[in-house]
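Student: In terms of our numbering, the sequence shown has 1206 at position 65, counting the first letter as 1, and numbering is strictly consecutive. Attaching a single structure in structure tokens format; questions to follow.
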Amino acid sequence: MPELDEYIDEIKDIWDTHWLTNMGVKHQKLQEELKEYLKVNEIDLFTNGHMAIELSLQAMNLPRGSEVITTPFTFASTTHAIVRNGLEPVFCDINGDDFTIDVSKIESLITDKTSAIVPVHVYGNVCNVEEIERIAHKYGLKVLYDAAHTFGVQYKGKGIASFGDVSCFSFHATKVYNSIEGGAACFRDKEFGLDLYRLKNFGIRGPEKVDGIGANAKMNEFCAAMGICNLRHVDAEIKKRENVVKRYIEHLKGIEGIQLNPVQKDVKPNYAYFPVVFNEKTFGATRNEVFDALAEHGIGARKYFYPLTNTFDCFHGKYDPNETPVALHISKRVLTLPLYADLALEDVDRICDIIIGCRK
Ligand SMILES: *Cc1c(COP(=O)(O)O)cnc(C)c1O
């Protein structure tokens, strides 16, 4: 959070204008600032990251019932956005090292019903965007990246949202950058942007014309103001996160049975998460034992992502998680450790002591 005074300064003029929402001054300002920060040409803001994804998929106008290739190693949002659009998720496995979609398995999942690919830049790790682009182009598929974890990440000097037809960010309170709740869609095509803009405002085209079946997903002025304040500090926050991550690595690197997140080539990272995969045989404790030991000390690690979305109760066994064996394997062994800018390095030391102490 910014200093309270900074936020109050930012929202003061709302008391003059009484303009609380509906794409006011703060919304426009944040939009312009984000364009620059994220190095994108086109962006629209949303009430949250989920609605950015869901409405972007709707704006793509994919044939109802068509198949969308995605991964189950993600937050509920990605899969739900697909299903809520009347589309059929087809689950592709992930890489065991960076947890993003395994591009070598995409083509075998493509059928004449496939309309799009929805990969996830998991934990801030960048998908193989070149190969995904090649496949999408070859088969005429749309690409929407769930970029919820990759705020500020660059690949080969380009903003991460430069890839694919659309990339969606989340500005949820728990993410690297927040606007309390919020999200954004970045896209290539201006026409698409107009359709998307209408969908976040009930499908209203003009005062007397409604030609889309839209929702309400507008970012309000108070959230935009929070976003404006936090954007001033995000680089410093990321720098502090880097120090926390370095400290974790000092403790945990080279320990048998512990797999750490990779350092990716050509990527400017944002240190969004610190996932650790525990191999119980070589480490000497299971992920769940480590989770419980940390919880006993009041430390909240997360089984993120567990369970896989293709095992959710709401799908009533419709999907078989054994078809994504790497994702299944990782989901049972991964833990994301506490990571935020103000996490004290001594606390990192304590957390690592507890983890290492779990070995039998
Ligand atoms: C947080 C998150 C979302 C949803 O974003 P919200 O802003 O919470 O709606 C979608 N996908 C992933 C991978 C996320 O982590």
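Where a beta carbon is used, it is the ideal one built from N, C-alpha and C, also for glycine. All values derive from a computational prediction rather than experimental measurement.
Can you pull the DSSP bridge partners for residue 1401?
Tutor: For residue 1401, which the question treats as bridged, DSSP gives the partners 1417.
Student: For a quick check, are the C-beta atoms of residue 1310 and residue 1263 less than 8 Å apart?
Tutor: Not a contact, by the Cβ cut-off of 8 Å.
Student: Taking buried to mean at least 16 other C-beta atoms within 10 Å of its own C-beta, is residue 1164 buried or exposed?
Tutor: Result: buried.
Student: Indicate, with yes or no, if ligand 1 has a heavy atom lying under 7 Å from the CB of residue 1482.
Tutor: No - ligand 1 has no heavy atom lying nearer than 7 Å to the Cβ of residue 1482.
Student: Hey, quick one: how far does the beta strand (DSSP E) through residue 1326 stretch, first residue to last?
Tutor: Per DSSP, residue 1326 belongs to the beta strand (DSSP E) from 1324-1328.
Student: For the segment 1214-1230 and the segment 1351-1359, state whether three or more C-beta atom pairs, one from each stretch, are separated by less than 8 Å.
Tutor: They do not touch, by the three-pair rule.
Student: Could you give the first and the last residue of the continuous alpha helix (DSSP H) run that contains residue 1197?
Tutor: It spans 1190-1200 - the alpha helix (DSSP H) in which residue 1197 sits, taken as one unbroken run.
Student: For my contact list, residue 1478 and residue 1417 are in at a C-beta cut-off of 8 Å; report their separation, rounded to the angstrom.
Tutor: Yes, they are in contact, since the Cβ atoms of residue 1478 and residue 1417 sit about 6 Å apart, within 8 Å.
Student: Looking at the unbroken beta strand (DSSP E) that takes in residue 1475, where does it start and where does it end?
Tutor: It spans 1475-1477 - the beta strand (DSSP E) in which residue 1475 sits, taken as one unbroken run.
Student: Roughly how many whole angstroms lie between the Cα atoms of residue 1300 and residue 1501?
Tutor: Taking the straight line joining both Cα atoms gives about 44 Å.
Student: Taking just the CA atoms, how far does residue 1378 sit from residue 1483?
Tutor: C-alpha separation (whole angstroms): 8 Å.
Student: Using only the alpha-carbon positions, how far apart do residue 1298 and residue 1408 sit?
Tutor: C-alpha separation (whole angstroms): 8 Å.
Student: When the distance is taken between beta carbons, is residue 1249 closer than 8 Å to residue 1228?
Tutor: Cβ distance not < 8 Å, so residue 1228 and residue 1249 don't count as in contact.
Student: In this structure, how does DSSP classify residue 1494 when only helix, strand and coil are distinguished?
Tutor: Helix, per DSSP.
Student: Around the C-beta of residue 1161, are 16 or more other C-beta atoms found within 10 angstroms, so that it is buried, or is it exposed?
Tutor: Flag for residue 1161 reads exposed.
Student: Secondary structure at residue 1253, three-state DSSP: helix, strand or coil?
Tutor: In this structure, residue 1253 counts as coil in the three-state DSSP scheme.
Student: If you draw a straight line from the alpha carbon of residue 1247 to that of residue 1287, how long is it in whole angstroms?
Tutor: The straight-line gap from Cα to Cα measures roughly 17 Å.
Student: Of all the options 1396, 1296, 1424 and 1258, which has the alpha carbon lying nearest to the alpha carbon of residue 1275?
Tutor: Out of 1396, 1296, 1424 and 1258, 1258 has the C-alpha closest to the C-alpha of residue 1275.
Student: With three or more C-beta pairs closer than 8 Å as the rule, is the segment 1313-1322 touching the segment 1421-1436?
Tutor: They do not touch, by the three-pair rule.
Student: With 16 other CB atoms within 10 Å as the buried threshold, where does residue 1168 fall?
Tutor: The residue is buried, with at least 16 neighbouring Cβ atoms inside 10 Å.
Student: Would residue 1489 and residue 1389 qualify as a contact pair, given that the criterion is a beta-carbon distance under 8 Å?
Tutor: A contact, by the Cβ cut-off of 8 Å.
Student: What are the uninterrupted segments assigned as beta strand (DSSP E) that are 3 or more residues long and contained completely in the segment 1280-1357, given in chain order?
Tutor: Correct list: 1283-1287, 1307-1311, 1324-1328 and 1345-1347.
Student: Taking 8 Å as the limit between beta carbons, can you name the residues of its chain near residue 1498, skipping five residues before and five after?
Tutor: Taken in chain order, the residues that qualify are 1434.
Student: On the CB-based measure, 16 or more other CB atoms within 10 Å of its CB, does residue 1281 come out buried or exposed?
Tutor: Residue 1281 should be labelled exposed.
Student: Following a CB-centred definition, is residue 1190 positioned closer than 7 Å to any heavy atom of ligand 1?
Tutor: Residue 1190: yes, Cβ under 7 Å from ligand 1.
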